[in-house]
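Colleague: Per the numbering used here, the sequence shown starts with residue 59, numbered consecutively. Quick reminder that beta carbons are idealized off the backbone N, C-alpha and C, glycines included. I'd like to ask some things about the structure below.
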Amino acid sequence: MSLIILYIKTFPPLPRRGSDAIMHRLGLELLSQGLRQIHGLSYPSQALEYRGNPGALTYPCSRSILLGPHGKPYLKDHPRIHFSLTNCPGLVACAFSDSEIGIDAEMPRGASPALLSRVLTEEEAKMLASSDHLSFSHLWTCKEALAKCTGLGLNSDIYRVGFRLSAAAAIPPAAKYPPLFYPLLPVRFQRKDYYLAQGHLPDGHIISLCSAKVIDSIKILPVQQTRQ
(Lines of atoms letter the chains of each structure in order from A and count residues from 1; the text may use other names and numbers.)
(Lines give C-alpha, C1' and ligand atoms only; values in the text may rest on other atoms or scores of the structure.)
Protein backbone atom coordinates (compact mmCIF):
# COMPACT_ATOMS: atom_id res chain seq x y z
CA MET A 1 0.00 0.00 0.00
CA SER A 2 1.23 3.47 -0.83
CA LEU A 3 0.72 6.95 0.60
CA ILE A 4 0.97 9.74 -1.96
CA ILE A 5 1.72 13.27 -0.76
CA LEU A 6 0.89 16.11 -3.13
CA TYR A 7 1.83 19.75 -3.39
CA ILE A 8 -0.35 21.67 -5.85
CA LYS A 9 0.03 25.31 -6.83
CA THR A 10 -2.35 27.15 -9.15
CA PHE A 11 -1.88 30.64 -10.54
CA PRO A 12 -3.28 33.05 -13.15
CA PRO A 13 -2.16 32.73 -16.78
CA LEU A 14 1.47 33.65 -17.35
CA PRO A 15 2.89 35.60 -20.28
CA ARG A 16 3.78 33.17 -23.03
CA ARG A 17 7.38 34.34 -23.14
CA GLY A 18 9.34 32.72 -20.33
CA SER A 19 6.37 30.78 -18.93
CA ASP A 20 8.07 27.37 -19.26
CA ALA A 21 11.05 28.52 -17.19
CA ILE A 22 8.76 30.08 -14.55
CA MET A 23 6.66 26.92 -14.21
CA HIS A 24 9.78 24.78 -14.06
CA ARG A 25 11.16 26.94 -11.24
CA LEU A 26 7.86 26.79 -9.34
CA GLY A 27 7.93 23.00 -9.63
CA LEU A 28 11.43 22.86 -8.17
CA GLU A 29 10.25 25.04 -5.27
CA LEU A 30 7.54 22.45 -4.52
CA LEU A 31 10.14 19.68 -4.73
CA SER A 32 12.41 21.60 -2.34
CA GLN A 33 9.55 22.12 0.11
CA GLY A 34 8.58 18.44 0.04
CA LEU A 35 12.13 17.22 0.53
CA ARG A 36 12.41 19.44 3.59
CA GLN A 37 9.01 18.69 5.13
CA ILE A 38 8.72 14.99 4.32
CA HIS A 39 12.32 13.81 4.31
CA GLY A 40 14.15 16.43 6.39
CA LEU A 41 16.52 17.25 3.52
CA SER A 42 17.66 20.79 2.74
CA TYR A 43 17.89 21.41 -1.01
CA PRO A 44 17.38 25.01 -2.16
CA SER A 45 15.38 25.01 -5.39
CA GLN A 46 18.38 26.39 -7.32
CA ALA A 47 20.42 23.38 -6.19
CA LEU A 48 17.85 21.07 -7.80
CA GLU A 49 18.23 22.54 -11.27
CA TYR A 50 19.06 19.94 -13.88
CA ARG A 51 20.20 20.00 -17.47
CA GLY A 52 17.68 19.81 -20.28
CA ASN A 53 14.98 21.97 -18.69
CA PRO A 54 14.00 25.61 -19.23
CA GLY A 55 15.35 26.72 -15.85
CA ALA A 56 18.79 25.51 -16.82
CA LEU A 57 19.05 28.63 -18.96
CA THR A 58 18.74 30.77 -15.84
CA TYR A 59 20.47 28.81 -13.09
CA PRO A 60 23.70 26.82 -13.27
CA CYS A 61 23.02 23.09 -13.28
CA SER A 62 23.99 21.16 -10.18
CA ARG A 63 24.59 17.46 -9.82
CA SER A 64 21.97 17.03 -7.08
CA ILE A 65 19.54 15.65 -9.65
CA LEU A 66 20.45 13.17 -12.36
CA LEU A 67 18.32 11.94 -15.23
CA GLY A 68 17.53 8.34 -16.06
CA PRO A 69 17.97 6.92 -19.59
CA HIS A 70 14.60 8.34 -20.67
CA GLY A 71 14.79 11.62 -18.77
CA LYS A 72 13.24 10.74 -15.41
CA PRO A 73 14.83 12.92 -12.68
CA TYR A 74 16.06 11.44 -9.41
CA LEU A 75 18.19 12.60 -6.50
CA LYS A 76 21.81 11.56 -6.90
CA ASP A 77 22.35 10.97 -3.17
CA HIS A 78 18.84 9.67 -2.39
CA PRO A 79 17.68 7.56 -5.34
CA ARG A 80 15.05 5.81 -3.19
CA ILE A 81 13.11 9.04 -2.67
CA HIS A 82 10.36 8.83 -5.27
CA PHE A 83 8.88 12.02 -6.69
CA SER A 84 7.26 13.27 -9.87
CA LEU A 85 6.68 16.77 -11.23
CA THR A 86 4.14 18.19 -13.65
CA ASN A 87 3.25 21.61 -14.97
CA CYS A 88 0.72 23.01 -17.40
CA PRO A 89 -0.82 26.45 -17.90
CA GLY A 90 -2.08 27.62 -14.51
CA LEU A 91 -0.72 24.73 -12.42
CA VAL A 92 2.40 23.06 -11.08
CA ALA A 93 2.39 19.98 -8.85
CA CYS A 94 4.82 17.62 -7.17
CA ALA A 95 3.98 14.13 -5.90
CA PHE A 96 5.98 12.10 -3.38
CA SER A 97 5.52 8.43 -2.54
CA ASP A 98 7.28 5.42 -1.05
CA SER A 99 7.32 3.71 -4.46
CA GLU A 100 7.61 4.74 -8.09
CA ILE A 101 5.15 7.55 -8.80
CA GLY A 102 3.97 9.56 -11.80
CA ILE A 103 1.75 12.64 -11.98
CA ASP A 104 0.31 14.58 -14.89
CA ALA A 105 -2.20 17.43 -15.15
CA GLU A 106 -4.04 19.27 -17.91
CA MET A 107 -7.12 21.32 -18.55
CA PRO A 108 -9.76 19.33 -20.48
CA ARG A 109 -9.09 19.43 -24.21
CA GLY A 110 -9.89 17.60 -27.39
CA ALA A 111 -7.56 16.10 -29.98
CA SER A 112 -7.49 15.59 -33.73
CA PRO A 113 -8.70 12.27 -35.18
CA ALA A 114 -5.15 11.57 -36.33
CA LEU A 115 -3.78 11.98 -32.80
CA LEU A 116 -6.58 9.91 -31.28
CA SER A 117 -5.89 7.02 -33.66
CA ARG A 118 -2.17 7.15 -32.88
CA VAL A 119 -2.19 7.30 -29.08
CA LEU A 120 -5.46 5.66 -27.96
CA THR A 121 -6.52 2.04 -28.10
CA GLU A 122 -9.67 1.16 -30.02
CA GLU A 123 -11.59 0.68 -26.77
CA GLU A 124 -10.41 4.03 -25.41
CA ALA A 125 -11.50 5.79 -28.59
CA LYS A 126 -14.95 4.18 -28.36
CA MET A 127 -15.25 5.15 -24.69
CA LEU A 128 -14.32 8.73 -25.49
CA ALA A 129 -16.75 8.94 -28.43
CA SER A 130 -19.67 7.57 -26.40
CA SER A 131 -19.26 9.83 -23.35
CA ASP A 132 -20.65 13.31 -22.80
CA HIS A 133 -18.26 13.96 -19.91
CA LEU A 134 -14.90 12.49 -20.87
CA SER A 135 -12.26 14.57 -22.61
CA PHE A 136 -9.06 13.45 -24.29
CA SER A 137 -7.19 14.80 -21.25
CA HIS A 138 -8.79 12.22 -18.95
CA LEU A 139 -7.00 9.49 -20.89
CA TRP A 140 -3.88 11.38 -21.92
CA THR A 141 -2.94 12.35 -18.35
CA CYS A 142 -3.18 8.67 -17.38
CA LYS A 143 -0.75 7.71 -20.13
CA GLU A 144 1.61 10.52 -19.17
CA ALA A 145 1.45 9.50 -15.50
CA LEU A 146 2.25 5.87 -16.39
CA ALA A 147 5.15 7.01 -18.59
CA LYS A 148 6.57 9.05 -15.70
CA CYS A 149 6.01 6.29 -13.15
CA THR A 150 7.87 3.71 -15.22
CA GLY A 151 10.56 6.19 -16.24
CA LEU A 152 10.28 5.00 -19.84
CA GLY A 153 8.72 8.12 -21.30
CA LEU A 154 5.91 8.20 -23.81
CA ASN A 155 6.25 5.59 -26.53
CA SER A 156 4.16 3.22 -28.63
CA ASP A 157 4.08 0.63 -25.82
CA ILE A 158 2.46 3.19 -23.49
CA TYR A 159 -0.03 4.13 -26.21
CA ARG A 160 -1.17 0.50 -26.42
CA VAL A 161 -2.05 0.35 -22.71
CA GLY A 162 -5.82 0.66 -22.38
CA PHE A 163 -7.22 2.72 -19.49
CA ARG A 164 -10.78 2.40 -18.19
CA LEU A 165 -12.10 5.48 -16.46
CA SER A 166 -14.56 5.86 -13.63
CA ALA A 167 -17.82 7.58 -14.58
CA ALA A 168 -17.62 9.51 -11.31
CA ALA A 169 -14.07 10.67 -12.00
CA ALA A 170 -15.13 12.07 -15.37
CA ILE A 171 -17.67 14.48 -13.89
CA PRO A 172 -16.12 17.43 -12.05
CA PRO A 173 -17.67 17.96 -8.60
CA ALA A 174 -18.81 21.33 -7.35
CA ALA A 175 -15.94 23.73 -6.68
CA LYS A 176 -14.02 22.11 -3.86
CA TYR A 177 -10.50 22.10 -2.49
CA PRO A 178 -8.74 19.85 -1.72
CA PRO A 179 -9.97 17.85 -4.71
CA LEU A 180 -11.50 14.41 -4.36
CA PHE A 181 -9.53 11.66 -6.10
CA TYR A 182 -11.24 8.58 -7.49
CA PRO A 183 -9.46 5.24 -7.92
CA LEU A 184 -9.26 3.92 -11.46
CA LEU A 185 -8.82 0.32 -12.52
CA PRO A 186 -5.18 -0.81 -12.48
CA VAL A 187 -3.37 -1.44 -15.75
CA ARG A 188 -0.87 -4.13 -16.66
CA PHE A 189 2.35 -2.99 -18.30
CA GLN A 190 5.44 -5.09 -18.95
CA ARG A 191 4.19 -7.85 -16.62
CA LYS A 192 3.59 -5.46 -13.73
CA ASP A 193 0.46 -3.84 -12.30
CA TYR A 194 0.18 -0.07 -11.94
CA TYR A 195 -2.45 1.71 -9.88
CA LEU A 196 -4.20 4.96 -10.73
CA ALA A 197 -6.30 7.75 -9.30
CA GLN A 198 -7.78 10.82 -10.92
CA GLY A 199 -9.26 14.06 -9.63
CA HIS A 200 -10.35 17.55 -10.63
CA LEU A 201 -9.48 20.95 -9.27
CA PRO A 202 -12.21 23.60 -8.97
CA ASP A 203 -10.72 25.49 -11.92
CA GLY A 204 -11.12 22.41 -14.16
CA HIS A 205 -7.61 20.93 -14.13
CA ILE A 206 -7.54 17.13 -14.37
CA ILE A 207 -4.83 15.44 -12.28
CA SER A 208 -3.88 11.79 -12.79
CA LEU A 209 -1.62 9.75 -10.53
CA CYS A 210 0.08 6.43 -11.24
CA SER A 211 1.78 4.30 -8.58
CA ALA A 212 3.73 1.06 -8.59
CA LYS A 213 1.84 0.09 -5.40
CA VAL A 214 -1.84 0.07 -4.48
CA ILE A 215 -2.77 3.65 -3.54
CA ASP A 216 -3.85 3.63 0.09
CA SER A 217 -4.35 7.37 0.58
CA ILE A 218 -3.61 10.73 -1.01
CA LYS A 219 -2.65 13.67 1.19
CA ILE A 220 -2.42 17.24 -0.07
CA LEU A 221 -0.14 19.56 1.89
CA PRO A 222 -0.32 23.37 1.79
CA VAL A 223 2.15 25.17 -0.43
CA GLN A 224 4.37 27.87 1.00
CA GLN A 225 3.95 31.22 -0.69
CA THR A 226 6.83 32.16 -2.98
CA ARG A 227 7.53 34.94 -5.44
CA GLN A 228 6.78 34.24 -9.10
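Tell me the DSSP secondary structure of Arg246 in three-state form.
Modeller: Strand, per DSSP.
Colleague: Would Lys277 and Leu149 qualify as a contact pair, given that the criterion is a beta-carbon distance under 9 angstroms?
Modeller: no
Colleague: Buried or exposed: His196, going by 16 or more other Cβ atoms within 10 Å of its Cβ?
Modeller: buried
Colleague: Considering only the alpha carbon of each residue, which of Cys146, Pro137 and Lys250 lies closest to Phe154?
Modeller: Pro137
Colleague: Under the rule that 16 or more other beta-carbon atoms within 10 Å means buried, what is Glu158, buried or exposed?
Modeller: Looking at its Cβ environment, which holds 16 or more other Cβ atoms inside 10 Å, Glu158 is buried.
Colleague: Who pairs with Ser122 in a beta bridge, going by DSSP?
Modeller: According to DSSP, which records beta bridges pairwise, Ser122 is partnered with nothing at all.
Colleague: Within 10 Å of its beta-carbon, does Gly160 have 16 or more other beta-carbons around it, so buried, or fewer, so exposed?
Modeller: buried
Colleague: Rounded to whole angstroms, how far is the Cβ of Ile123 from the Cβ of Leu267, which I believe are closer than 8 angstroms?
Modeller: In fact, because the Cβ distance is near 21 angstroms, the residues do not count as touching under 8 angstroms.
Colleague: State the start and end residues of the unbroken alpha helix (DSSP H) segment that holds Asp78.
Modeller: Ser77 to His97
Colleague: Do Glu164 and Thr199 have their C-beta atoms closer together than 9 angstroms?
Modeller: Their beta carbons are under 9 angstroms apart, which means Glu164 touches Thr199 by this criterion.
Colleague: Helix, strand or coil: how does DSSP classify Ala114 here?
Modeller: With a pLDDT of 45 at Ala114, under the threshold of 50, the modelled position of that residue is not reliable, and the figure given next carries that caveat. Ala114 falls in the helix class under three-state DSSP.
Colleague: If you draw a straight line from the alpha carbon of Leu212 to that of Leu204, how long is it in whole angstroms?
Modeller: Straight-line Cα distance between these residues: approximately 9 angstroms.
Colleague: Going straight from the alpha carbon of Gly98 to that of His140, what length do you get?
Modeller: Here the alpha carbons of His140 and Gly98 stand approximately 14 angstroms from one another.
Colleague: May I have the straight-line CA-CA distance separating Glu181 from Leu223, to the nearest angstrom?
Modeller: 11 angstroms
Colleague: What are the residues that DSSP puts in a beta bridge with Pro131?
Modeller: Leu125
Colleague: Going by DSSP in three states, Thr144 sits in which element: helix, strand or coil?
Modeller: strand
Colleague: Across which residues does DSSP place Glu164 in a beta bridge pair?
Modeller: Ile264
Colleague: So, is Ala187 buried or exposed, given that buried needs 16 or more other C-beta atoms within 10 angstroms?
Modeller: exposed
Colleague: Among the residues of its own chain, which have a CB less than 6 angstroms from the CB of Leu64, if the five just before and after it don't count?
Modeller: Ala153 and Ile278
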